[in-house]
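Beneath this line is the structure, given in C-alpha cells, with notes to follow.
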Amino acid sequence: SQQGEEDPQALSIQEGENATMNCSYKTSINNLQWYRQNSGRGLVHLILIRSNEREKHSGRLRVTLDTSKKSSSLLITASRAADTASYFCASGGGADGLTFGKGTHLIIQP
Amino acid sequence: DGGITQSPKYLFRKEGQNVTLSCEQNLNHDAMYWYRQDPGQGLRLIYYSQIVNDFQKGDIAEGYSVSREKKESFPLTVTSAQKNPTAFYLCASTSHSGANVLTFGAGSRLTVL
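Line order of the protein sequences matches chains A and B. Per my numbering, the first sequence runs over residues 31 to 140. Per my numbering, the second sequence runs over residues 2 to 114.
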C-alpha cells in the first residue's frame, strides 16, 4: 500500500523560480526521505529528515517535516532545467524497506 | 565505483515466456529489494531479501520469483503467471546500519509483446 502521497502530481515552472512539492504519509515514521528520478532512470537519494527534525537544508534543497500533520515539503530554490525530474517521498525503514508515494513530476521551462 | 548493475536495460518477451532480470551490487549491502513501477502508480515492492538464502514477499509478489544465493546478487524472474508484466523494474539495496537509505540500479524495462 502507498504510504505517502505527493502533491501536486505535476508542476511546471520557469527556470529560476522556486519549486515546492508536498508529501503526506499515514503512519508514524523514524525518518522521511526524498528521492529524484530522471526519466527512464533509477531513483537517487536526495535528502533524509529524521522524525525529531523540523527542517533540513542541502544545497538548493530545503525539506520540512511536520509530524503532527504527517506531512513534509521539498523546496528547490533557483530551479534549473536540469532539475526536471520526478520527485518521490519515502518512509518506512523496517525490514521491508521503504514505501514510496506516486511522485511529483517537475518540469522546468527554460 | 560501487553501485548496482541491472541487466538487461530493455527486454521484450512473448506471452507465456519466463524472463529473468539480473541485479548485482558491489556495495557490500545486506538487504536487496525489487520494485515495480507503472505510470502514475509510483513504486510497489515485489520481493526483498535481508540476508543470503532468505527472502520475503512484498505487496505484489504473485507471478514473480527470486533467489539470493550470493550477497551480491538478487535476480528476479517474471513468470508466465504474471498477468500484466509490462513495467519498469527497479532493484535497490541498503546496508543494515544507517537509516535505510536505498541505492537504486538504473532499471530494466520489460515489454510483453
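Positions of the beta carbon are idealized from the N, C-alpha and C atoms, including for glycine.
Check	Outcome
With a threshold of 7 Å between beta carbons, is residue 132 of chain A in contact with chain B?	yes
Can you tell me whether DSSP reads residue 113 of chain A as helix, strand or coil?	helix
Is it true that the stretch 43 to 51 of chain A meets the stretch 101 to 119 of chain A, where meeting means three or more beta-carbon pairs spaced less than 8 Å apart?	yes
If we count Cβ pairs, one from each stretch, closer than 8 Å, do we get three or more for the stretch 119 to 139 of chain A versus the stretch 55 to 75 of chain A?	yes
Using beta carbons (cut-off 7 Å, strictly below), is residue 84 of chain A in contact with chain B?	no
Let me see if you follow: with CB-CB separation under 7 Å, is residue 95 of chain A close to chain B or not?	no
Just mark residue 52 of chain B as buried or exposed, buried being the case when its beta carbon has 16 or more other beta carbons within 10 Å.	exposed
Residue 50 of chain A and residue 105 of chain A: beta carbons closer than 7 Å?	yes
What does DSSP give as the partner residues of residue 13 of chain B in its beta bridges?	B:112
Once the 5 residues before and after residue 101 of chain B are set aside, which same chain residues still bring their CB inside 7 Å of it?	95
Return the Cβ separation of residue 103 of chain B and residue 128 of chain A in integer angstroms, given the expectation that the two are a contact with Cβ distance under 8 Å.	6 Å
Identify whether residue 37 of chain A lies in helix, strand or coil by the three-state DSSP scheme.	strand
Cβ atoms of residue 49 of chain B and residue 57 of chain B: under 7 Å apart, would you say?	yes
Assuming contact is defined by CB atoms lying nearer than 7 Å, are residue 65 of chain A and residue 78 of chain A in contact in what I supplied?	no
For the structure I just gave you, are there three or more beta carbon pairs, one from the stretch 68 to 77 of chain B and one from the stretch 29 to 46 of chain B, closer than 8 Å?	yes
Ordered along the chain, which non-local residues of its own chain (more than five positions away) have a Cβ less than 8 Å from that of residue 32 of chain A?	Only weak support exists for where residue 32 of chain A lies, its pLDDT of 46 falling under 50; the value from the coordinates is given anyway. Once the five neighbours on either side are set aside, the close Cβ partners of residue 32 of chain A are 129, 130, 131 and 132.
Quick check: is the beta carbon of residue 49 of chain B nearer than 7 Å to any beta carbon in chain A?	yes
Please classify residue 95 of chain B: does DSSP put it in a helix, a strand, or coil?	strand
For residue 52 of chain B, list the residues DSSP reports as bridge partners.	B:55
Can you tell me which residues form a DSSP beta bridge with residue 90 of chain A?	DSSP output for residue 90 of chain A lists no bridge partner at all.
Between the alpha carbons of residue 87 of chain A and residue 80 of chain A, how many angstroms are there, rounded?	13 Å
Quick one: what does DSSP say residue 66 of chain B is sitting in, helix, strand or coil?	strand
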